[in-house]
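**Student:** Take this structure, written in structure tokens, and hold onto it; I'll ask about it next.
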Amino acid sequence: MVVQFQTSFIPKKSPIGTAPTFGPIGRNVNVFALIALIVFFLTAGLAAFVFFYKSHLTTLITTMDTDLARAKKSFEPSFIETASRLNVRIEGVRELLDAHTALSPLFDILEKKTLESVRFQDFNFSTTNRKVTLTMTGQAKSFNAVALQSDVFGAERAFKDPVFSNFTLNEAGDVIFNFQASIEPEFLLYRETVLGGATKKAAGGIQFLEEPAPASSP
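Take the sequence shown: its position 190, counted from the start at 1, is 205 in the working numbering, and no numbers get skipped.
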């Protein structure tokens with residue numbers, strides 16, 4: 016008996032399968048994994064930075080507290096008490112100087128603003144309820160000199176309500192009169208005198224007048 020074998024020339028598929036392709040889905044998965052990895056490292060780095068920075072701040076605060084405690088110990092209680100008493104005395108002296116009055120600015124005005132033909136005497140100075148009053152007796156060569164002196168004192172800002180009164184003539188024919196005016200209290204403060212403010216306020220911008228020569232008769 017003859018055995019027949021059937022031979023087929025059709026090639027069969029290889030038993031080894033080809034690797035599957037993922038296409039666009041596989042690429043997206045790789046990108047997401049990379050982004051997640053980057054975010055992880057950034058978060059870890061930020062956490063490490065915050066930890067070390069917090070540790071640095073804690074150390075710095077501890078060092079500053081130690082230095083402050085050491086500085087407090089360096090000041091003895093007796094020194095602090097002495098400095099406090101000295102500060103109270105200084106403040107008391109400052110208050111006294113602020114309230115103290117000085118007459119030198121007033122004398123400067125009288126020296127600069129008094130005419131050559133006028134002279135003053137019987138100087139009286141009084142203070143009542145923060146009101147400073149100046150009264151004087153004057154002597155002038157003529158009534159014209161008194162009138163001009165009144166204009167000069169009237170333009171002086173240190174004088175308030177200057178008044179010339181009680182005019183009489185002496186045996187030599189000179190005019191005797193009384194003068195009274197109120198003085199601005201701020202003008203006489205000692206601190207203003209020391210700083211030079213009072214003198215500038217009294218004489219600033221004012222030119223001193225001279226008595227005009229009498230007109231000659233024709």
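In this text, a Cβ means the ideal position worked out from N, Cα and C, and glycines have one as well.
(1) CB-CB under 8 Å to T152, same chain, minus the five flanking residues each way: which ones, in chain order?
(2) Check whether the Cβ atoms of A160 and V133 sit closer than 9 Å, and answer yes or no.
(3) In chain order, what residues of the same chain have a beta carbon less than 7 Å from the beta carbon of L237, not counting five sequence neighbours either side?
(4) Is it true that the CB of K156 sits closer than 9 Å to the CB of D189?
(5) Considering Cα atoms alone, identify which of R172, N181, L184, D176 is closest to E201.
(6) Is N139 a contact residue of the ligand SAH, with contact defined as CB to any heavy atom under 8 Å?
(7) Measure how close the beta-carbons of A196 and F174 come, nearest whole angstrom, since I'm counting them as under 8 Å.
(8) Look up S165 in the DSSP assignment and say whether it is helix, strand or coil.
(9) My output table needs one value for A84: the three-state DSSP class, helix, strand or coil.
(10) Please list the terminal residues of the continuous beta strand (DSSP E) segment that includes S197.
**Tutor:** Looking at the coordinates:
(1) Excluding residues up to 5 positions away in sequence, F135, Q136, D137, I191, F192, N193, F194 lie with their Cβ nearer than 8 Å to the Cβ of T152 in the same chain.
(2) It is a contact, given that the beta carbons lie within the stated cut-off.
(3) Outside the shown range of the chain, which is 16 to 233, sits residue 237, and nothing can be said about it.
(4) Between D189 and K156, the gap from beta carbon to beta carbon is short of 9 Å.
(5) Nearest option by C-alpha distance: R172.
(6) Absent from the structure shown: the ligand SAH. Ligands present: none.
(7) F174 and A196 do touch by the CB rule: their CB atoms are close to 4 Å apart, below 8 Å.
(8) Correct three-state label for S165: helix.
(9) In the structure shown, A84 falls within a helical segment according to DSSP collapsed to helix, strand and coil.
(10) Segment 190-198, the beta strand (DSSP E) holding S197.
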